[in-house]
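One structure is given below, encoded as structure tokens.
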Amino acid sequence: MENQKLGFVQLYRSITKKSWAKDVFLRTLWDNLLLAASHAQRTVNFKGNTWILQPGQLVSTAADLGLSLCDRKGVPTSRDTVERMLAFFTKEGMISIDGEKRKGRVITILNYAEYAEKIDNLPAHNSAHISAHNKPSNGAASEGGAAHKAAHKPAHHEQECINKNINTNPLNPPTGGKKVFNPLDIPIPEWLNSTAWREWVQYRGQTKKPIKTAITVTKAFGLLKECFDEGHDPVEVINASIANGYQGLFKPKFPIRRQAAESEPEPHWNSEESWKEFL
Numbered sequence: 115m116e117n118q119k120l121g122f123v124q125l126y127r128s129i130t131k132k133s134w135a136k137d138v139f140l141r142t143l144w145d146n147l148l149l150a151a152s153h154a155q156r157t158v159n160f161k162g163n164t165w166i167l168q169p170g171q172l173v174s175t176a177a178d179l180g181l182s183l184c185d186r187k188g189v190p191t192s193r194d195t196v197e198r199m200l201a202f203f204t205k206e207g208m209i210s211i212d213g214e215k216r217k218g219r220v221i222t223i224l225n226y227a228e229y230a231e232k233i234d235n236l237p238a239h240n241s242a243h244i245s246a247h248n249k250p251s252n253g254a255a256s257e258g259g260a261a262h263k264a265a266h267k268p269a270h271h272e273q274e275c276i277n278k279n280i281n282t283n284p285l286n287p288p289t290g291g292k293k294v295f296n297p298l299d300i301p302i303p304e305w306l307n308s309t310a311w312r313e314w315v316q317y318r319g320q321t322k323k324p325i326k327t328a329i330t331v332t333k334a335f336g337l338l339k340e341c342f343d344e345g346h347d348p349v350e351v352i353n354a355s356i357a358n359g360y361q362g363l364f365k366p367k368f369p370i371r372r373q374a375a376e377s378e379p380e381p382h383w384n385s386e387e388s389w390k391e392f393l
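Residue numbers for the sequence shown, in the working numbering: 115 to 393.
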């Protein structure tokens, strides 16, 4: 049941026709990326930094990925080798990478939504579930349970093995009926003014530069969070970009205004402290 709740990853047979598919390390790394990618939005802590991951994203380093790629003697793959493999996937248009190499980078699997889907959302699962529950048991409770299980198994098997959208290219899954990305579908953090963020999204759309990817939203949230932590108001950061006609958000260059510390009262002229420099 736990596996069903977390969902599964679809692997297309046509991937075996790719020239790089014979490289067992490339194949294994690709599988690891698919399996490690977040299936829903979540916040993770990696090497002391907080990351807001969207579906299809994971945060890691080349060294950490290499620990899961070992030879028969248990020797992990070197960081440089993993970097070359990641560069290959990037060149092939399979992933995008953002961040620092040693502190952690966000790896985004492009078109991840086409690779993973929750079983609970599949039509075969739902129809089998409903029909099994609605089927009369004829007075035998055990028969109802058997009908439920019997309906589930073929439905799952059929859904996993028969895909209406047959894909001939594992790197470019079918896009028919694909929903246009809406940045406002991503939950807005509590510390960020929702009205200001909506205005920013609307502004980008009006200037013919709409926000098209989840990683763009993640990076924007990250920059605004840094500004917030440093004492800047994210609303002012957004308003400044809109007022200046910018297409991106930028950290303010001016220092944060802080109230001057209250000056301590000067000691009495005849006190011991006042006479110290003369004694």
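Cβ coordinates follow ideal geometry from the N, Cα and C atoms, glycine included.
Nothing here was measured: the structure is a model prediction, and the numbers come from that model.
In the DSSP assignment, find the beta strand (DSSP E) that holds GLN171 and state where it starts and stops. Here residue 171 is taken as the residue at index 57 of the sequence shown, counted from 1. First-last of the beta strand (DSSP E) with GLN171: 171 to 174.
Which same chain residues end up closer than 7 Å to LEU181 when comparing Cβ atoms and leaving out the 5 residues on each side of it in sequence? Residue 181 sits at position 67 when you count from the first residue of the sequence shown. PRO190, listed in sequence order.
Rounded to a whole number of angstroms, what is the C-alpha to C-alpha distance between PRO303 and HIS346? Taking the sequence shown and counting its residues from 1, one reaches residue 303 at position 189. Taking the sequence shown and counting its residues from 1, one reaches residue 346 at position 232. Straight-line measurement puts the Cα of HIS346 at about 16 Å from the Cα of PRO303.
Tell me, to the nearest whole angstrom, how far the beta carbon of ALA72 is from that of GLY170; I am working on the premise that it is less than 8 Å. Any property of residue 72 remains undetermined from this structure, which presents the chain solely from 115 to 393.
Could you check whether LEU147 and ILE211 sit closer than 8 Å to each other, using their CB atoms as the reference points? As a position in the sequence shown, residue 211 is number 97, starting the count at 1. As a position in the sequence shown, residue 147 is number 33, starting the count at 1. It is not a contact, given that the beta carbons lie outside the stated cut-off.
For LEU149, which of helix, strand or coil comes out of DSSP? On the sequence shown, position 35 is the one that residue 149 refers to. Helix at LEU149.
Could you give the distance in angstroms between the alpha-carbon of PHE139 and the alpha-carbon of VAL220? The residue labelled residue 139 in the question sits at position 25 within the sequence shown. The residue labelled residue 220 in the question sits at position 106 within the sequence shown. Distance between the alpha carbons of PHE139 and VAL220 is about 21 Å.
Residue from ASN159, GLN168, VAL196, ASP137 whose Cα sits closest to the Cα of ALA334: Working through the sequence shown from its first residue, we reach residue 334 at position 220. The residue among ASN159, GLN168, VAL196, ASP137 with its C-alpha nearest the C-alpha of ALA334 is GLN168.
For LEU298, count the other beta carbons within 10 Å of its own beta carbon; 16 or more makes it buried, fewer makes it exposed. Which is it? On the sequence shown, position 184 is the one that residue 298 refers to. With a threshold of 16 other beta carbon atoms within 10 Å, LEU298 falls short and is exposed.
Does the separation of the CB atoms of GLY218 and VAL173 fall below 8 Å? Numbered from 1 along the sequence shown, position 104 holds the residue referred to as residue 218. Numbered from 1 along the sequence shown, position 59 holds the residue referred to as residue 173. A contact, by the Cβ cut-off of 8 Å.
Taking the CB atoms as reference points, tell me whether ILE300 and THR222 lie closer together than 8 Å. In the sequence shown, the residue the question calls residue 300 occupies position 186. In the sequence shown, the residue the question calls residue 222 occupies position 108. Taking a C-beta distance under 8 Å as the contact criterion, ILE300 and THR222 do not qualify as a contact pair.
Are there 16 or more other CB atoms within 10 angstroms of the CB of TYR360, so buried, or fewer, so exposed? Within the sequence shown, residue 360 is the residue found at index 246, counting from 1. Exposed is the call here.
Would you mind working out which of TRP305, ARG312, ARG193 sits nearest ASN296, comparing C-alpha positions? As a position in the sequence shown, residue 296 is number 182, starting the count at 1. It is ARG312 whose Cα lies nearest to the Cα of ASN296.
If PHE364 and TRP305 are in contact, beta carbons under 8 Å, what's the gap, nearest whole angstrom? Here residue 364 refers to the residue found at position 250 when the sequence shown is read from its first residue. Here residue 305 refers to the residue found at position 191 when the sequence shown is read from its first residue. With 8 Å as the limit, PHE364 and TRP305 do not qualify as a contact, their Cβ atoms being about 19 Å apart.
Return the chain-ordered list of same chain residues with a C-beta closer than 7 Å to the C-beta of THR142, the five sequence neighbours on each side being excluded. Mapped onto the sequence shown, residue 142 falls at position 28. In the same chain as THR142, and ignoring 5 residues on each side of it, the C-beta atoms closer than 7 Å to its own belong to LEU183, in chain order.
Going by DSSP in three states, ILE352 sits in which element: helix, strand or coil? In the sequence shown, residue 352 corresponds to position 238, counting from 1. If DSSP states are grouped into helix, strand and coil, ILE352 belongs with the helices.
Quick check on DSSP: helix, strand or coil for PRO190? Taking the first residue of the sequence shown as position 1, residue 190 is located at position 76. The DSSP-derived three-state label of PRO190 is strand.
Grouping DSSP H, G and I as helix and E and B as strand, with all else coil, what is PHE160? As a working mapping, residue 160 is identified with position 46 in the sequence shown. Looking at PHE160 - three-state DSSP - the assignment turns out to be strand.
How would you label SER133, buried or exposed, when you count the other beta carbons within 10 angstroms and need 16 or more for buried? Counting from one through the sequence shown, the residue named residue 133 turns up at place 19. Answer is exposed; the Cβ neighbour count stays below 16.
Under 8 Å between the Cβ atoms of LYS216 and THR175? Position 102 of the sequence shown, counted from the start, is the residue given in the question as residue 216. Position 61 of the sequence shown, counted from the start, is the residue given in the question as residue 175. The question names Lys, yet the displayed sequence has Arg at residue 216. ARG216 is a Cβ neighbour of THR175, given a cutoff of 8 Å.
Would you call SER394 buried or exposed, if buried means 16 or more other Cβ atoms sit within 10 Å of its Cβ? Beyond the ends of the chain as shown, which are 115 and 393, falls residue 394; an answer cannot be given.
Roughly how many whole angstroms lie between the Cα atoms of LEU338 and ASN225? Taking the first residue of the sequence shown as 1, we reach residue 338 at position 224. Taking the first residue of the sequence shown as 1, we reach residue 225 at position 111. If I take the Cα positions, the gap works out to 26 Å.
Less than 8 Å between C-beta atoms, sequence neighbours within five positions excluded: which residues of the same chain meet that for VAL349? Translated into the one-based positions of the sequence shown, residue 349 becomes position 235. Around VAL349, the same chain offers ASN307, ALA310 as residues with beta carbons nearer than 8 Å, after the five sequence neighbours per side are excluded.
ALA354 beta carbon near the ligand GDP (any heavy atom closer than 7 Å): Inclusion of the ligand GDP in the displayed structure is not the case, the ligand content being empty and no account of it being possible.
Buried or exposed for PHE203, please, with buried defined as at least 16 other CB atoms from any protein chain shown within 10 angstroms of its CB. As a working mapping, residue 203 is identified with position 89 in the sequence shown. With a threshold of 16 other beta carbon atoms within 10 Å, PHE203 meets it and is buried.
Neighbourhood of ASN163 by C-beta distance below 7 Å, restricted to the same chain and skipping five residues each side: Locating residue 163 in the sequence shown gives position 49, where the first residue counts as 1. Answer for ASN163: LYS217, GLY218, listed in chain order.
From VAL196 to GLY188, what does the alpha carbon distance come to, in whole angstroms? Residue numbering aside, residue 196 sits at position 82 when the sequence shown is read from its first letter. Residue numbering aside, residue 188 sits at position 74 when the sequence shown is read from its first letter. Going from the Cα of VAL196 to the Cα of GLY188 covers about 16 Å.
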